[in-house]
């Protein structure tokens with residue numbers, strides 16, 4: 001699993017070349033994966049997640065542009081025709097905060 005935590009929306013959701021993004025990786029060894037993020041300053045953030053099944057550090061897509069790996073966003077913002085707008089994935093972090101993200105598999 002590859003997670004990107006965004007304090008600002010610049011470049012969202014492609015965190016490969018984005019500045020000011022916290023990047024994390026976690027093994028996807030079970031149906032549910034828990035990632036603890038320590039010491040985020042209070043504020044609003046957005047999260048993008050990919051299930052990087054082949055560990056190539058990017059979201060693979062089909063020839064028509066659909067993701068071939070799982071993808072998800074904070075607030076479980078839907079992405080039927082492309083990624084959601086950053087404002088739809090932002091959520092407040094005000095101390096101990098929990099965010100559950102369900103991944104969507106298109107193919």
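Residue numbers (full-length UniProt numbering): 1 to 107. Ideal Cβ placement from N, Cα and C applies to all residues, glycine included.
Is it true that the CB of residue j sits closer than 9 Å to the CB of residue i?
i          : j          : result
residue 51 : residue 37 : no
residue 62 : residue 15 : no
Exposed or buried, what is residue i when buried is set at 16 or more other beta-carbons lying within 10 Å of its beta-carbon?
i           : result
residue 77  : buried
residue 29  : exposed
residue 74  : buried
residue 112 : In the structure as shown, the chain begins at 1 and stops at 107. Residue 112 is therefore absent and cannot be evaluated.
Looking at the structure shown, is residue i part of a helix, part of a strand, or coil, going by DSSP?
i           : result
residue 23  : strand
residue 16  : coil
residue 86  : helix
residue 78  : coil
residue 106 : coil
residue 41  : coil
residue 64  : coil
Consider the Cβ of residue i: report whether some Cβ of chain D lies at a distance smaller than 9 Å.
i          : result
residue 98 : Within the model displayed, chain D is absent; a lone protein chain is all it includes.
Considering Cα atoms alone, identify which of the options is closest to residue i.
i          : options            : result
residue 45 : 102, 105 and 97    : 97
residue 39 : 95, 106, 1 and 104 : 95
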